[in-house]
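Numbering (this note's numbering), first residue to last: 1197 to 1510.
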């Protein structure tokens, strides 16, 4: 215990200039320093180094710790220390990975060089929201879900007050953040995958209709129902979401028929896609985000590439 407290005091707390911190947290740091004031740690550390640490020293320390425990000082110290370690870990991660702190404004949304930090060789992308509804297309395995996760992570981290995995980030402060990726059936509630999508969308709309600013992501919305219904209600959803100017909605889809919607033709709804090159029926995934629409379909190609046609033959 002596060695631990000595290291905390001298290797961390004594090296911190509390004047650089906000007044409230500087008081927390000073509180940790004061915790050690009655320990005389240098004396005990010296005794240990000279191999003269005796039972008497242990009794003295036990009394000190007991008194501080009764006064609730020990529990308070560890509470402060664990929070300090959490802040230190976050700060170390930010510096190590070159994350940036976002700029909050009234309405612009843009990300430069954003990526998903879990990926070791992540492809970085840029994005500027020109409309409040963004429809994302791209073939299977092109990286749509990963990109939506990366955008969502930037927004979420920004709203927790920490830096984000990007070279620059600008956004408004949203009242609600809703990310619907990889929704599943719920045995407890009795909701199917499709009903989970419906309930999630309903909750977002309920917030948006109050005038709240919402950030919402829907990955392959309505894929849990038949294509006819999916096309009809996706069209209604896209047309309706553009009536909430305070919010921002990202939706990915494989419904190529949505391209004919008048709001998409007139750019009232923004479209972008994940680029993929196809050479001799071999896909090359770039994971780059571009403006526009992708008509590329890889389902049949991937099916054949894995030899399933041959395996299904008699």
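Beta carbons are placed, not taken as given, at the ideal position from N, Cα and C, and that holds for glycine.
For residue 1475, the enclosing beta strand (DSSP E) begins and ends at 1466-1475. Linking residue 1318 to residue 1283 through their CA atoms gives a straight-line distance of about 26 Å. Going by DSSP, residue 1413 is part of no alpha helix (DSSP H) but of the beta strand (DSSP E) stretching over 1410-1414.
Closest in C-alpha terms to residue 1485, from the list 1291, 1252 and 1309, comes 1309. Look at the beta carbons and you see the stretch 1410-1428 touching the stretch 1357-1376: at least three pairs across the two are nearer than 8 Å.
Ranked by Cα distance from residue 1326, the options 1340, 1367 and 1353 are led by 1367. Approximately 7 Å separates the beta-carbon atoms of residue 1299 and residue 1365; this is inside 8 Å, confirming the contact. One thing to note: residue 1470 has its Cβ within 7 Å of the Cβ of residue 1340. Here the stretch 1474-1491 lies against the stretch 1332-1339, with 3 or more beta-carbon pairs under 8 Å apart. Restricting attention to 1429, 1248 and 1442, the CA atom closest to the CA of residue 1405 is found in 1442.
With three or more CB-CB distances shorter than 8 Å, the stretch 1221-1233 counts as touching the stretch 1264-1284.
The beta-bridge partner set that DSSP reports for residue 1366 consists of 1299 and 1306.
Apart from sequence neighbours up to five positions away, no residue of its chain approaches residue 1394 with a beta-carbon distance below 7 Å.
Rounded to the nearest whole angstrom, the CA to CA distance from residue 1369 to residue 1302 is 8 Å. Per DSSP, reduced to three states, the secondary structure at residue 1483 is strand. With fewer than three CB-CB distances shorter than 8 Å, the stretch 1489-1500 does not count as touching the stretch 1352-1365. Straight-line measurement puts the Cα of residue 1396 at about 18 Å from the Cα of residue 1328. If you look at residue 1351, you'll find it in the alpha helix (DSSP H) that goes 1340-1356.
For residue 1201, the uninterrupted alpha helix (DSSP H) run begins and ends at 1198-1203, by DSSP. Closest in C-alpha terms to residue 1330, from the list 1199, 1473, 1455 and 1505, comes 1455. Taking a contact as a CB-CB distance under 8 Å, the pair residue 1362 and residue 1296 counts as one, their CB atoms being some 6 Å apart. Per DSSP, the continuous alpha helix (DSSP H) segment holding residue 1506 begins and ends at 1504-1508.
In the three-state DSSP reduction, residue 1221 falls in the helix class (H, G or I). In this structure, DSSP gives residue 1387 an extended state, which the three-state scheme calls strand. Between the alpha carbons of residue 1463 and residue 1417 lies a gap of roughly 20 Å. When the Cα atoms are used, residue 1206 and residue 1268 turn out to be separated by approximately 23 Å. Counting along the chain, the unbroken alpha helix (DSSP H) around residue 1290 starts and ends at 1269-1293. Annotated as proximal: residue 1451 and residue 1427, with beta-carbon spacing under 7 Å. Your pair residue 1332 and residue 1446 checks out as a contact, with CB atoms roughly 6 Å apart and the cut at 8 Å. Distance from the CA of residue 1510 to the CA of residue 1500, rounded to the nearest whole angstrom, comes to 16 Å. A straight-line Cα-Cα distance of about 11 Å links residue 1260 and residue 1253.
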